[in-house]
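Heads up: the structure comes next, in structure tokens.
In my numbering, the protein residues as written are 10 to 226.
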């Protein structure tokens with residue numbers, strides 16, 4: 010299905026935000042960005058509305074668009090909720106996932122292991138998110154899928170900061186393997202525990218990133 014120009018523009022802006030080419034708190038130059046991307050202001054505004062719904066963009070009191078800059082404490086609280094959602098997804102996926110769905114999740118895990126040193130930080134992250142959303146989809150619970158999508162969209166940048174930490178990459182890959190093995194064994198308890206542990210590690214990585222930045226400054 011062909012994606013709309015505004016959705017494609019949102020993808021490009023989302024990547025610029027994740028890579029901090031549009032850093033937190035920065036006012037977004039709508040006209041200049043539209044010119045660079047070769048589009049009109051209408052799809053640019055629509056793209057910004059998409060990113061606003063995801064929590065990546067907000068507005069100043071004068072209604073100027075800017076990159077959202079939530080505190081680490083705010084993000085950590087949302088990630089605690091996400092940990093509960095993904096733990097439930099892992100548990101339900103053990104019951105409801107088809108063999109084909111589990112095989113697809115395992116394939117994403119293999120890709121991350123095999124390409125860990127070759128993938129760019131953004132491509133590794135996209136594969137990581139496909140792994141997680143695949144598990145949520147395999148839960149077979151529409152309400153969970155919908156709720157997770159809303160929370161996950163607001164936490165993309167926070168999860169990206171955790172994902173791109175090379176020092177913690179080995180831990181990330183081992184946790185993904187633990188999740189995959191639990192799903193393949195259809196071990197509900199182990200899957201829920203591994204999913205929760207993985208998000209809690211992401212929270213710790215987020216706090217470390219903040220502390221490192223503050224010490225650098």
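The beta-carbon is built from N, C-alpha and C at its ideal position, and this holds for glycine as well. The structure presented is a predicted model; accordingly, all values stated were derived computationally and were not measured.
Out of curiosity, what's the CA-to-CA distance linking residue i and residue j?
i: residue 147; j: residue 104; result: 9 Å
i: residue 124; j: residue 113; result: 16 Å
i: residue 170; j: residue 217; result: 10 Å
i: residue 26; j: residue 80; result: 16 Å
i: residue 78; j: residue 33; result: 5 Å
i: residue 215; j: residue 179; result: 16 Å
i: residue 128; j: residue 151; result: 32 Å
i: residue 121; j: residue 137; result: 7 Å
i: residue 162; j: residue 156; result: 10 Å
i: residue 97; j: residue 201; result: 6 Å
i: residue 154; j: residue 139; result: 13 Å
i: residue 126; j: residue 116; result: 17 Å
i: residue 119; j: residue 55; result: 36 Å
i: residue 141; j: residue 185; result: 9 Å
i: residue 51; j: residue 109; result: 41 Å
i: residue 20; j: residue 199; result: 34 Å
i: residue 64; j: residue 72; result: 15 Å
i: residue 177; j: residue 133; result: 13 Å
i: residue 194; j: residue 209; result: 23 Å
For the alpha helix (DSSP H) that contains residue i, what are its first and last residues?
i: residue 13; result: Element bounds for residue 13: n/a, residue is neither H nor E.
i: residue 178; result: 178-194
i: residue 159; result: 151-163
i: residue 105; result: 81-105
i: residue 127; result: From DSSP, residue 127 is part of no alpha helix (DSSP H); its letter is neither H nor E.
i: residue 32; result: That residue, residue 32, is in no alpha helix (DSSP H); it is neither H nor E in DSSP.
i: residue 46; result: 39-46
i: residue 57; result: 50-62
On the premise that residue j lies in contact with residue i, defined as a C-beta separation below 8 Å, what is that separation, rounded to the nearest angstrom?
i: residue 37; j: residue 46; result: Between residue 46 and residue 37 the Cβ distance is about 12 Å, and since that is not below 8 Å, they are no contact.
i: residue 164; j: residue 84; result: 7 Å
i: residue 76; j: residue 160; result: Not really, about 19 Å apart at Cβ, beyond 8 Å.
i: residue 187; j: residue 203; result: 4 Å
Report buried or exposed for residue i, applying the criterion of at least 16 other Cβ atoms within 10 angstroms of its Cβ.
i: residue 40; result: exposed
i: residue 10; result: Legend: pLDDT at residue 10 = 48, less than 50; position of this residue unreliable, value from coordinates given subsequently. With fewer than 16 Cβ atoms within 10 Å of its Cβ, residue 10 is classed as exposed.
i: residue 107; result: exposed
i: residue 16; result: exposed
i: residue 13; result: exposed
i: residue 95; result: buried
i: residue 23; result: buried
i: residue 211; result: buried
i: residue 205; result: buried
i: residue 18; result: buried
i: residue 100; result: buried
Could you please give the first and the last residue of the uninterrupted beta strand (DSSP E) stretch that includes residue i?
i: residue 67; result: 66-68
i: residue 75; result: 74-76
Is residue i near residue j, with beta carbons less than 9 Å apart?
i: residue 67; j: residue 74; result: yes
i: residue 87; j: residue 167; result: yes
i: residue 189; j: residue 207; result: no
i: residue 144; j: residue 92; result: no
i: residue 172; j: residue 28; result: no
i: residue 192; j: residue 59; result: no
i: residue 43; j: residue 53; result: yes
Kindly examine the ligand GDP and report whether one of its heavy atoms sits closer than 8 Å to the Cβ of residue i.
i: residue 207; result: In the structure shown, the ligand GDP is absent, as is every other ligand, since no ligand is present at all.
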